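Asker: Take a look at this one; I'll ask things after.
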């Protein structure tokens with residue numbers, strides 16, 4: 001038996017933010033990030049709609065990119081004081097992910113973070129509040145997923161939290177919010193969405209319910225991401241839908257080792273963060289080649305290539321065409337092909353912000369952490385410690401995968 005879970009209600013299209021005024025409740029806490037939602041007027045609109053719904057509203061602002069355990073605990077404490085019956089998270093993936101974890105600690109104050117790390121081990125939520133997610137970026141799709149990523153900066157590790165309990169009750173996918181994204185963020189979040197869709201399609205847990213969502217998302221992203229990056233707002237609006245479809249697929253089919261590697265390298269090095277979407281974009285072509293040693297995975301990659309009209313007669317030719325196309329997309333979006341050329345902010349640079357010596361010194365432990373990541377279990381090929389270290393080195397130096 002398998003399970004397929006989505007938010008009960010998903011409102012989409014321009015102006016759908018207004019649906020907030022139809023929520024039923026007494027108190028709402030709005031969780032947001034660093035200020036863009038306030039700066040562009042969306043936060044004021046959301047608060048106004050919630051008040052129109054008859055609710056008392058409190059704000060929890062300034063959730064940082066890659067939200068920390070510390071921020072989660074502060075937010076949960078604010079919720080326990082305010083006692084909301086609606087948690088409304090809006091912005092990029094970070095405030096929505098943080099709010100999901102805050103929700104658990106709000107309802108279960110004695111729960112520990114360590115308990116939540118075990119996949120699908122959350123206590124039953126909705127004892128005090130329901131959850132509404134409103135994305136402003138077109139990548140994470142956390143508004144429709146059973147996942148949240150929280151960073152423990154003391155340990156230098158990103159933890160993916162996974163449980164159907166944290167799938168939001170309501171998602172509002174309003175493209176007006178995404179039109180304010182700068183080009184670099186458009187690129188990184190778009191390749192994050194592409195990775196979600198491709199990993200979902202080849203996951204060992206893919207099924208007839210997730211496959212069409214993943215394939216259609218891949219086709220939309222392939223067609224529209226570069227146009228969106230270049231400022232085409234019609235394409236930007238379509239990308240907001242595409243990333244959501246990818247989220248529906250991976251929330252139920254799960255992911256693979258591209259995400260395992262991204263989670264465990266993102267905060268591991270002193271030179272700076274490897275931005276999640278850029279990490280996925282760099283790692284994805286290498287992992288496709290690695291996974292293609294499994295015949296079933298190779299055929300599914302070939303199906304993707306055929307679906308987006310890439311050239312090739314054999315499975316191997318189609319897999320290589322998909323890899324080449326993804327690398328070309330990275331180049332067009334100013335995303336590095338290797339960590340050795342990973343510059344500040346996730347753009348192509350001659351000198352990496354990730355020190356080569358530190359990378360090699362930490363390689364064994366980071367690779368071990370990646371293997372232990374929750375996303376590894378549904379990857380079509382299970383890596384050994386040696387394989388994972390080779391994969392990471394291949395990504396650092398842009399080496400060919402021949403193992």
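Residue numbers (UniProt numbering): 1 to 403.
For each residue, glycine too, the CB sits at the ideal point set by N, CA and C.
Quick caveat: nothing in here was measured; it's all calculated off a predicted structure.
1) Please list, in chain order, all residues of the same chain as residue 22 whose beta carbon is under 8 Å from its beta carbon, the five residues on each side excluded.
2) State the Cα-Cα distance for the pair residue 155 and residue 164, rounded to the nearest angstrom.
3) Looking at residue 82 and residue 166, is the spacing between their C-beta atoms short of 8 Å?
4) Check whether the stretch 137-145 and the stretch 202-212 touch, using three or more Cβ-Cβ pairs below 8 Å as the test.
5) I need the straight-line Cα distance from residue 214 to residue 329, nearest angstrom please.
6) In the DSSP assignment, find the beta strand (DSSP E) that holds residue 91 and state where it starts and stops.
7) List the whole-angstrom C-beta distance separating residue 288 from residue 319, where the pair is believed to meet the contact cut-off of C-beta under 8 Å.
8) Candidates 367, 171, 323: which alpha carbon is nearest residue 382's?
9) With DSSP as the reference, please indicate the residues paired to residue 316 in a beta bridge.
10) Is DSSP giving residue 292 helix, strand or coil here?
11) Mind checking whether residue 266 and residue 66 have CB atoms under 8 Å apart?
12) Decide if residue 153 is buried, meaning its Cβ has at least 16 other Cβ atoms within 10 Å, or exposed.
13) Touch check for the stretch 232-248 and the stretch 330-344: three-plus C-beta pairs under 8 Å?
14) What's the C-alpha gap between residue 85 and residue 132?
15) Quick check: residue 146 and residue 5, are their CB atoms within less than 8 Å of each other?
16) Roughly how many angstroms separate the alpha carbons of residue 317 and residue 18, rounded to a whole number?
17) So who's on the other strand from residue 161, going by DSSP bridges?
18) When DSSP labels each residue in this structure, what does residue 410 get in the three-state scheme?
19) Under 6 Å Cβ to Cβ from residue 119, same chain only, skipping five residues before and after it: list those, please.
20) So does the stretch 115-130 actually touch the stretch 173-180, counting three or more Cβ pairs closer than 8 Å?
21) Along the chain, where does the beta strand (DSSP E) containing residue 399 start, and where does it finish?
22) On the three-state DSSP scale, how would you describe residue 172?
23) For chain B, find out if any of its Cβ atoms is closer than 8 Å to the Cβ of residue 100; answer yes or no.
24) Leaving aside the five residues before and after residue 290 along the sequence, list all residues of the same chain whose C-beta is less than 7 Å from its C-beta, in chain order.
25) Indicate the three-state DSSP secondary structure (helix, strand or coil) for residue 29 in the structure shown.
26) Between the stretch 213-227 and the stretch 237-255, do at least 3 Cβ pairs fall closer than 8 Å?
27) State the start and end residues of the unbroken beta strand (DSSP E) segment that holds residue 130.
28) Take residue 61 and list the residues in its own chain whose beta-carbon comes closer than 7 Å to its own, dropping the five residues that flank it on each side.
29) Go through its chain and collect everything with a Cβ distance to residue 89's Cβ below 6 Å, but skip five positions before and after it.
30) Just how far apart, CA to CA, sit residue 115 and residue 187?
Answerer: Working from what's here:
1) Sequence index remark: in the chain shown, residue 22 carries index 22 (1-based). Closer than 8 Å at Cβ, skipping near neighbours: 53.
2) Counting from 1 along the chain shown, the entry for residue 155 is found at position 155. Counting from 1 along the chain shown, the entry for residue 164 is found at position 164. For residue 155 and residue 164, the distance between alpha carbons rounds to 26 Å.
3) By one-based count along the chain shown, residue 166 stands at place 166. By one-based count along the chain shown, residue 82 stands at place 82. The answer is no: Cβ separation not under 8 Å.
4) no
5) Within the chain shown, the letter at position 214 stands for residue 214. Within the chain shown, the letter at position 329 stands for residue 329. About 18 Å.
6) Mapped onto the chain shown, residue 91 falls at position 91. Run containing residue 91: 86-91, per the beta strand (DSSP E) assignment.
7) Here residue 288 is taken as the residue at index 288 of the chain shown, counted from 1. Here residue 319 is taken as the residue at index 319 of the chain shown, counted from 1. The pair is a contact, with the Cβ atoms about 7 Å apart (cut-off 8 Å).
8) Counted from its first residue, the chain shown places residue 382 at position 382. Checking every option, the nearest Cα to that of residue 382 belongs to 367.
9) For the purposes of this step, residue 316 is identified with residue 316 of the chain shown, where counting begins at 1. Answer by DSSP bridge pairing: none, since residue 316 is not bridged.
10) Within the chain shown, numbered from 1, the residue matching residue 292 stands at position 292. Coil, per DSSP.
11) Taking the first residue of the chain shown as position 1, residue 266 is located at position 266. Taking the first residue of the chain shown as position 1, residue 66 is located at position 66. Their beta carbons are under 8 Å apart, which means residue 266 touches residue 66 by this criterion.
12) The residue you call residue 153 lines up with position 153 of the chain shown. Classification of residue 153: exposed, given that the 10 Å Cβ count is below 16.
13) no
14) Residue numbering aside, residue 85 sits at position 85 when the chain shown is read from its first letter. Residue numbering aside, residue 132 sits at position 132 when the chain shown is read from its first letter. Taking the straight line from one Cα to the other gives about 11 Å.
15) As a first step, residue 146 must be located in the chain shown, where it is residue number 146. As a first step, residue 5 must be located in the chain shown, where it is residue number 5. Yes. Within cutoff.
16) Counting from 1 along the chain shown, the entry for residue 317 is found at position 317. Counting from 1 along the chain shown, the entry for residue 18 is found at position 18. Whole-angstrom Cα-Cα distance: 48 Å.
17) By 1-based counting over the chain shown, the position of residue 161 is 161. Paired residues: 148.
18) The requested residue 410 is not part of the displayed model; the chain covers only 1 to 403.
19) Locating residue 119 in the chain shown gives position 119, where the first residue counts as 1. 162, 374.
20) no
21) Taking the chain shown and counting its residues from 1, one reaches residue 399 at position 399. Neither: residue 399 is in no beta strand (DSSP E) and is coded neither H nor E.
22) To locate residue 172, count along the chain shown from 1; it is residue 172. Looking at residue 172 - three-state DSSP - the assignment turns out to be strand.
23) The question asks about chain B, but that chain is absent: this structure has only one protein chain.
24) As a working mapping, residue 290 is identified with position 290 in the chain shown. Taken in chain order, the residues that qualify are 381, 391, 401.
25) Position 29 of the chain shown holds residue 29. Three-state result, residue 29: strand.
26) yes
27) Along the chain shown, one-based indexing puts residue 130 at 130. From DSSP, the beta strand (DSSP E) with residue 130 extends over 130-135.
28) Indexing the chain shown from 1 puts residue 61 at position 61. Result list for residue 61: 32, in chain order.
29) Reading the chain shown from its first residue, position 89 is the one you call residue 89. So the list reads 31, 95, 96, 99, 133, once near-sequence residues are dropped.
30) Working through the chain shown from its first residue, we reach residue 115 at position 115. Working through the chain shown from its first residue, we reach residue 187 at position 187. So the alpha carbons of these two residues sit roughly 34 Å apart.
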